[in-house]
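2 protein chains.
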Amino acid sequence: MEELIAYLLQFGYLNFQQRELILAKAKHWRIAKGAYFAEAGKISTQIGYVTDGIFRVCYYDKQGDSFTRYFVYENRFVVDVSSFRDEIPSAEYIEAITDCQLLVFSREDFIQLSALIPGWHDMFVKITSYVLENKLKVTSNMLVQDAQKRYLNFLDHYPGLANRVPLNMLASYLGITPSSLSRIRKNIP
Amino acid sequence: MEELIAYLLQFGYLNFQQRELILAKAKHWRIAKGAYFAEAGKISTQIGYVTDGIFRVCYYDKQGDSFTRYFVYENRFVVDVSSFRDEIPSAEYIEAITDCQLLVFSREDFIQLSALIPGWHDMFVKITSYVLENKLKVTSNMLVQDAQKRYLNFLDHYPGLANRVPLNMLASYLGITPSSLSRIRKNIP
DNA sequence: TGTATTTCTTGCCAAATGGCAATTGCGTTT
DNA sequence: AAACGCAATTGCCATTTGGCAAGAAATACA
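Chains A and B supply the protein sequences, listed in that same order.
Using the working numbering, you'd call the opening residue of the first sequence number 1 and step up by one each time.
Using the working numbering, you'd call the opening residue of the second sequence number 1001 and step up by one each time.
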């Protein structure tokens, strides 16, 4: 719980009473590996703060193959922003790739917090745009790098994560095939 | 000028008086081909609405080679969002790749409009997050496609644009070399 | 514990892409 | 009109990456 508050404080100030308000709304959830926190076509009415485990945001092509857009791990919010914000169907899936635990806020509670806490809304605008801008930069950088550089960069940027996610999902995140990733890993140690 | 209003109305309502307020703040600028609207390391104090021409958002690596993150053309806002919003140094360059015309708002005028027009701030949050989410999806999709698909997708998504931008800049946007792009184009017609 | 299933690795070869240099093409300048 | 500069194309070849299938390893399941 303290981690959530610490995370939020990076983006704005909250007094004691406000922190209590927030924590009072949080519900403890467990999601089993393989289950979805959000599904394409459905409206996301929950936002989660991951306290344990890893999710991936992914989509499927017509052949049924899945592709990972990015991973969400401990001490980060997990949500389909546009679905949650605008109440429109989600465009992607959010899949637990390990057993996960999170603190969950419903959309209604979230809106109530906006009314109770001045700056709560702005705080979330800051967080989502900060995260989004960063992801765009990282992805755009990957586009002009070869497969090995992308992988090394991933190791650098997300230490330890490569050992916690299935390599085929990491491969689709990096935009390469599992075999290529395997060969690249062999040449690194 | 009407185009700016029409664009804004996609994201929220503005009455006649509010429209006048906005247009009164807009300054007409011309930027010559090759000049920068924003530069890495400097704080962006202006936001522009492109009425004519094309910009590219780009960065340089240590070797001095430039890479295009994306293009900004007519009837779109051009700005380094985080620099403009948070008054921090810009991370990238915004270069006019044709002679350009824009409607420019200074940061101060922009803030004044927030005070005068309820919903102005929210409108910009909507626009920037909408644009950003879209760009992330497009870029992430490119990552798992081969060079030819990326190019065809670009033709589809931005009709006519490929004929208006230098192909070496388009190549770096697509994450391929100019020679590869040239060969791909030869095999398409 | 044993079995089934999935994931990961590896080998082989084909296809795609990059690197470099020469050439062509086009627009600008003088 | 000629000369220049920059952009784009092309050829040649090396390197990277993909595709497929078999086998090994790890994991899940009963």
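In this text, a Cβ means the ideal position worked out from N, Cα and C, and glycines have one as well.
Since we're looking at a predicted model, the values are computed, not measured.
Original post:
Taking 7 Å as the CB-CB cut-off, is R69(A) touching chain B?
Top reply: yes
Subject >> Positions along the region 1138–1159 of chain B whose CB lies within less than 8 Å of some CB in chain A >> reply: Cβ proximity to chain A below 8 Å picks out T1139, S1140, M1142, L1143 and V1144 from the region 1138–1159 of chain B.
**OP:** Give the interface partners of V1081(B) over in chain A, defined as CB-CB distance under 8 Å, in chain order.
**Re:** Under the 8 Å cutoff, chain A gives S129 and E133.
Original post:
How would you write the range of the beta strand (DSSP E) that L102(A) sits in, first residue to last?
Top reply: Per DSSP, L102(A) belongs to the beta strand (DSSP E) from C100 to S106.
Original post:
If you check the beta carbons only, do I1054(B) and R1183(B) fall under 7 Å apart?
Top reply: no
**OP:** Using the Cα positions of S192(A) and L4(A), report the straight-line distance between them to the nearest angstrom.
**Re:** Nothing in the structure corresponds to residue 192(A), since chain A is present only between 1 and 189.
Subject >> Cβ shell of Y59(A) (< 8 Å), same chain only, five flanking positions each side left out >> reply: Closer than 8 Å at Cβ, skipping near neighbours: A40, S66, F67, R69, A91, E92 and Y93.
Original post:
To which residues of the same chain is I1176(B) closer than 7 Å at the C-beta, ignoring the five residues directly before and after it?
Top reply: So the list reads A1147, once near-sequence residues are dropped.
Subject >> Inter-residue Cα distance where the pair is E2(A) and K25(A) >> reply: 14 Å
**OP:** Consider the Cβ of L9(A): report whether some Cβ of chain B lies at a distance smaller than 7 Å.
**Re:** No - not a single Cβ of chain B is within 7 Å of the one on L9(A).
Subject >> Buried versus exposed call for A96(A) [16 or more other C-beta atoms within 10 Å across all chains shown] >> reply: buried
Subject >> Same chain, Cβ closer than 6 Å to K1027(B), neighbours up to 5 away in sequence not counted >> reply: V1104
**OP:** Note down, in chain order, each residue of its chain lying with its Cβ closer than 6 Å to the Cβ of F11(A), except the 5 sequence neighbours on either side.
**Re:** Excluding positions up to five away in sequence, the list reads M123, K126 and I127.
Original post:
For V50(A), which residues from the same chain have a beta carbon less than 8 Å from its beta carbon, with the 5 sequence-adjacent residues on both sides left out?
Top reply: V72, Y73, E74, N75, R76, F77, V78, C100, Q101 and L102
Subject >> Neighbour-count burial assignment, I1188(B), 16 or more Cβ in a 10 Å radius >> reply: I1188(B) should be labelled exposed.
Original post:
Going straight from the alpha carbon of L174(A) to that of L1021(B), what length do you get?
Top reply: If I take the Cα positions, the gap works out to 47 Å.
Original post:
How many angstroms separate the CA atom of S44(A) from the CA atom of K62(A)?
Top reply: 23 Å
Original post:
In three-state terms, what does DSSP make of F71(A)?
Top reply: DSSP places F71(A) in strand when its eight states are reduced to three.
Original post:
S44(A) by DSSP, collapsed to three states: which one?
Top reply: coil
Original post:
Can you list the beta strand (DSSP E) stretches of 3 or more residues lying completely in the region 141–182 of chain A, in chain order?
Top reply: none
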